[in-house]
Every structure is written in structure tokens, then in C-alpha cells.
Amino acid sequence: MSDSTEPVADLTATHIRRAHAGDAGALALAGAATFLETFAGILHGRDIVEHCRAQHAVEVYSAWLADPACASWLAETDRGDAPVGYAVVAPAKLPLADVSDDDLELKRIYLLSRFHGGGVGRELMRHAVAESRARGARRLLLGVYAGNARALAFYARNGFRQVGERSFQVGRNTYGDAILALHLHE
1 MSDSTEPVAD LTATHIRRAH AGDAGALALA GAATFLETFA GILHGRDIVE HCRAQHAVEV
61 YSAWLADPAC ASWLAETDRG DAPVGYAVVA PAKLPLADVS DDDLELKRIY LLSRFHGGGV
121 GRELMRHAVA ESRARGARRL LLGVYAGNAR ALAFYARNGF RQVGERSFQV GRNTYGDAIL
181 ALHLHE
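Every letter in the sequence shown is one number past the one before it in the UniProt record's numbering, and letter 183, counting from 1, is 183.
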């Protein structure tokens, strides 16, 4: 222990930037960490591990980063650039009868819980919505675990409304998701 009276830096200070090809490893780490943190104790542990191994592999993020139809942002600490959250927007691939080419999907938006409540999630969402509008999207769609009350409340505060449901496979089990939409040009 130090006797120093020097002020301690705010460890929750972050910045958000557009992700680039070299960020696949950081996105994969943040993806697996935030998924584990969000769903440990809610979903079966074996399913979480299997899901993270497959869906949060570096190759998944590398493919998104290489695809000009996708956009990603990375939230990092101001102290050492540790990845703490991220968002990914991609062409919509959700089971809705009216999905069209002018819809985009918020594939992922996650943030470590110690950074909740400080505006970082809202800022990640702002980037995703601005990008979707700039691309001329009609709607920004997303799928969210129907039992994730905190996420559902966050999306509702950001103007999303439920437009459907889907089954979502995590490991060996299937869970219910709500499909939400934000209409971008009303």
C-alpha cells in the first residue's frame, strides 16, 4: 500500500472510436467478456462457453470489420485502452416478414457493467443510429433476450419498440428473443 495522497485517476473514463481491422482481437475479448458477465447465472454455463467460443471468435469480428456493409465501434478506457464495450451494425438478418434492404441490424451492443450508467452505452447507441441514418436505413432492428429487463429498458429509452420474436440458439439450448425496431425517418 502506498501512502501517496496523489489523486487516483477515474478508471471508468472511456472513449469510443470506430473499430478497424486490427481491432478484431479486442472486439472478440470484449464480446466474450460482456456476454459472460451479462448471462452468467441466467443461461447454462456450458452454453455460454460454447456460444462465446463460436460467436465471439476473432474470425467473426474480422469478417465484420472487413465487410464494408458493417460498421463497428470500440469503447476503451482512457487509461490503457482496455476494451470495455462495443457495437456492431450490419445488414438485417432477422425473421421478420417485412425486413428489407433498407433495414440495418444492431448485431451487438455490449458494455461491461462497471461502465453502465455513465453514458457510454448511450454514446455507442448514438454512433449506431447516426451510421444507420447516414446509410439511409428505414429502421434499425435488433434481437434481445426477452428475459434481459435491463437491456429492454435501455432500448425502450432509446426509442425501440417490439415488432416480433425469434428463437435464439445459445449452445445446446434455445431461448426467446424479442425483436425490436427503431424507425429512423419518422
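Ideal placement from N, C-alpha and C gives every residue a C-beta, glycine not left out.
Between the alpha carbons of V170 and H15 lies a distance of about 31 Å. Contact annotation, Y110 with G31: C-beta distance approximately 7 Å; criterion of less than 8 Å satisfied. Exposure of G45 is indicated by the presence of fewer than 16 other C-beta atoms within 10 angstroms of its C-beta. For D47, the uninterrupted alpha helix (DSSP H) run begins and ends at 45-55, by DSSP. In this model, E59 and T38 are separated by some 22 Å (Cα to Cα). The shortest CA-to-CA distance from A87 to any of F168, A26, V163 is the one to A26. With fewer than 16 neighbouring CB atoms inside 10 Å of its own CB, H20 falls in the exposed class.
The DSSP-derived three-state label of A66 is helix.
Per DSSP, H116 lies in no alpha helix (DSSP H) and is assigned neither H nor E.
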